[in-house]
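Peer 1: Note that full-length UniProt numbering numbers the sequence shown so that position 434 is 434, with each residue one more than the last.
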Amino acid sequence: MRHVSVVIANWNGKHLLERFLPSVLAALREGDEVIVVDNGSRDGSVTFLCEHFPSVRLVCLPKNYGFSVANNLGVLVARNDIVVLLNNDMQPQADFLAPLLEHFDDPRVFAVGCKLLHPDGGCVDANRTRIVLLQGMVFFTGEWDAERLNRCQTPEEQALVQGGGAAFDRRKFLALGGFDPIFSPAHAEDFDLCLRALLRGWRIVYEPRSLVWHLGRQTTRRGRAEQFLRLTFAHYWLFNFLHAPSLLWLAWQCGAVVKQVVGEVASGEPAIFRRAMATVLRKWWKVTRRRWQCPPASVEQFVALLQRFYHRELLETLPSSLPPLPDKEFVLLLTPIVDEERTLIRRAVQAVRARWQLPVAVIARPQQADALTREGIADAVITFWAGAGNSHFNDYRALLQWLQRAPCRAAVFVPQVRSVSKGRFLVLGGLLSCPLWEWRGNAFRPFPRRLLWGKLVLQGAMATVWLFWGLLWAGAMLATEVVAAILRRVAPVASPSKAPLAKSRLALK
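(1) For Q153, which of V84, K115 and Q301 has the nearest alpha-carbon?
(2) Could you compute how far the alpha carbon of N87 sits from the alpha carbon of A9?
(3) Bridge partners of M137, per DSSP?
(4) Could you give the uninterrupted runs of the beta strand (DSSP E) lying entirely in the segment 344 to 379, keeping only those of 3 residues or more?
(5) Under the three-state reduction of DSSP, which class applies to V7: helix, strand or coil?
(6) Taking the alpha carbon of C274 as the point to measure from, which residue in R79, L176, L467 and A175 has its own alpha carbon closest?
(7) What does a CB cutoff of less than 6 Å around G40 pick up in its chain, not counting 5 residues either side in sequence?
(8) DSSP puts F413 in a beta bridge; with which residues?
(9) Which first and last residues belong to the alpha helix (DSSP H) in which W252 is found?
(10) Compute the Euclidean distance between the alpha carbons of E33 and A98, then round it to the nearest angstrom.
(11) Where does M90 fall in DSSP's three states?
(12) Going by beta carbon distance, what residues of the same chain come within less than 6 Å of F233, once the five residues before and after it are set aside?
(13) Return yes when the Cβ of G113 is within less than 9 Å of the Cβ of E207, no when it is not.
(14) Can you tell which of T383, D95 and A361 has the C-alpha that lies nearest to the C-alpha of P407?
(15) Go ahead and label Q357 buried or exposed: buried means 16 or more other beta carbons lie within 10 angstroms of its beta carbon, across all protein chains shown.
(16) According to the Cβ coordinates, are H235 and F302 closer than 9 Å?
(17) Can R289 be considered in contact with the ligand HEM, in the sense that its beta carbon sits closer than 8 Å to one or more heavy atoms?
(18) Is the segment 90 to 106 in contact with the segment 2 to 21, if contact means three or more CB pairs nearer than 8 Å?
(19) Would you check if the segment 364 to 375 and the segment 397 to 407 touch, i.e. whether three or more CB-CB distances between them fall below 8 Å?
(20) Can you tell me the Cβ-Cβ gap for D125 and Q307, rounded? I've got them flagged as a contact below 8 Å.
(21) Where in the segment 57 to 117 do unbroken runs of the beta strand (DSSP E), each at least 3 residues long, occur, reported from the N-terminal end onward?
(22) Measure the Cβ-Cβ separation of P119 and L215 and say whether it is below 9 Å.
(23) Between which two residues does the beta strand (DSSP E) harbouring I35 extend?
(24) Check the C-beta distance from F183 over to S68 and give it rounded, since I have them as a contact under 8 Å.
(25) Spatial neighbours of G13 within its chain, please: C-beta separation below 8 Å, excluding the five flanking residues on both sides.
(26) Here's the rule I'm using: 16 or more other beta-carbon atoms within 10 Å means buried, otherwise exposed. How should T47 be labelled?
(27) Give the DSSP bridge partners of Y396, in chain order.
(28) Out of V427, V59, R355 and V457, point me to the one whose CA is closest to F444's CA.
(29) With distances taken Cα to Cα, identify the nearest neighbour of L117 among G178, W213 and T335.
(30) Based on Cα-Cα distance, which residue from L432, L25, L436 and D395 lies nearest to F413?
(31) If contacts are defined as beta-carbon pairs under 8 Å, then A111 and A167 qualify, I think. What distance do you get, rounded to the angstrom?
(32) Counting only beta-carbon separations shorter than 9 Å, does A474 have a partner in chain D?
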């Protein structure tokens with residue numbers, strides 16, 4: 001019988017450990033262990049574990065080193081060959097281990113992902129994952145149609161396992177060097193690790209019989225919403241720049257980023273992009289060193305991998321759970337649906353309902369629709385995803401034409417939401433014929449359309465400045481491959497570097 005080591009990274013999560021750790025311990029068998037790596041918590045987590053869970057192995061760090069380093073340390077000190085990584089807000093089903101372990105009879109298996117659900121039954125975007133390519137940029141997406149997910153009862157290969165909620169072959173994890181601390185404190189380290197594993201020819205499996213409930217969706221403090229967005233963009237770009245298979249491909253990606261940045265200047269949140277670009281630039285040498293010491297795959301290998309994990313049904317088929325479009329009078333809430341702003345959006349919806357006494361509709365991605373209606377955040381969801389075939393609308397013109405004909409009584413803009421996309425929602429509202437309102441400070445006021453167009457002229461001038469800065473930034477990022485290529489020629493590395501684990505070992509000392 002294989003034994004497992006469960007690793008849980010914790011930072012100020014005493015209340016979560018108290019709630020979820022008993023279910024983790026209840027799922028273990030003789031010979032299994034739980035390792036909690038504490039990232040310098042100040043809420044009494046360490047004392048709580050020592051007093052109430054003495055059987056748990058505890059690794060205490062003096063400060064918060066982030067998700068990557070904490071999990072790397074846990075894997076380093078683990079005694080068993082199979083390591084299960086869980087977040088501190090996850091509750092596994094009592095029998096979740098056995099189905100996971102079956103797959104490690106195959107020596108090619110690197111990781112096995114659990115079926116992850118939110119407590120309300122909603123899908124976590126980490127089940128049956130596939131790869132998507134947009135303008136040279138790679139990202140992972142999972143199954144969000146609950147009916148399709150529930151129909152899947154047999155294991156299948158997938159492209160990604162989430163950093164929490166999966167079992168890993170410890171030897172293979174260490175051979176890859178673990179999570180790269182370049183992504184500290186968090187975001188995209190699991191993208192990077194899984195892509196490296198796939199490029200080695202190892203398998204990643206989705207196991208629907210291993211159920212884990214993930215609380216997730218906890219509201220980020222308002223002061224940290226901007227930091228979350230900055231890290232999300234910066235680390236998503238970093239992941240792509242590290243794996244671009246050629247200089248031309250890297251140029252394609254840099255062009256996509258510059259285009260995105262210039263196009264989003266009108267969003268009202270330019271500081272997020274500016275800081276995300278600065279974050280990437282500060283890691284210039286780390287990107288260069290990684291491309292030198294761990295060269296990316298060839299274009300042929302990279303394209304073959306993309307073709308292998310492209311999921312046409314997921315991206316081009318309307319999901320069965322897609323809500324119907326509203327056919328009666330409604331009010332349109334003009335705001336991106338950002339998880340970190342759920343509390344604010346819920347308050348805005350309640351205020352709109354009270355003001356107009358009508359159903360409230362929002363525009364969202366198809367994977368968000370089920371949760372929005374089930375949680376009562378919106379009465380109707382108009383799904384939109386540019387270029388994809390799995391939404392009500394996949395281009396702005398069709399969306400605008402439908403809204404012009406729809407029984408929309410009013411459109412309400414929420415300026416407090418921190419998102420790089422909210423400017424597009426405001427422009428959309430300005431093009432509608434219905435009255436345009438703004439909800440700010442729990443009060444409604446008409447939004448003057450002439451002010452909107454004046455703002456757009458000003459933002460257009462700013463976009464010229466941003467284009468110049470973006471081109472300089474893109475040139476710096478292209479230089480990472482130029483320098484790395486020179487270093488690969490004059491100072492070749494005999495074997496792939498295990499640099500990701502170096503910082504983890506230093507922290508352990």
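All C-beta atoms in this analysis are idealised placements derived from N, C-alpha and C, irrespective of residue type, glycine included. Source: prediction; values computed, not measured.
Peer 2: With the given structure in hand:
(1) K115
(2) 6 Å
(3) L134.
(4) 360 to 364
(5) strand
(6) Here residue 274 is Arg; the residue named in the question, Cys, does not match the sequence. Restricting attention to R79, L176, L467 and A175, the CA atom closest to the CA of R274 is found in L467.
(7) Once the five neighbours on either side are set aside, the close Cβ partners of G40 are L61, P62, K63 and N64.
(8) L334 and E438
(9) L247 to G263
(10) 15 Å
(11) Residue state, collapsed to three classes: strand.
(12) A276
(13) yes
(14) A361
(15) exposed
(16) no
(17) With respect to small molecules bound, the structure shown includes none, and the ligand HEM cannot be examined in it.
(18) yes
(19) no
(20) Going by Cβ atoms, the distance from D125 to Q307 rounds to 22 Å, so no, they are not a contact pair.
(21) 57 to 61, 82 to 86, 90 to 92 and 109 to 117
(22) yes
(23) E33 to N39
(24) At roughly 6 Å, the Cβ-Cβ gap stays under 8 Å, so F183 and S68 are in contact.
(25) In chain order, S41, D43, S45, N88 and D89 place their CB closer than 8 Å to the CB of G13, counting only its own chain and leaving out the 5 sequence neighbours on each side.
(26) T47 is exposed by the Cβ-count criterion.
(27) DSSP lists no partner for Y396.
(28) Residue nearest to F444 within the set V427, V59, R355 and V457 is R355 (criterion: CA-CA distance).
(29) W213
(30) Comparing Cα positions, the closest option is L436.
(31) A111 to A167, Cβ: 7 Å. Contact.
(32) Absent from the structure is chain D; it holds one protein chain and no more.
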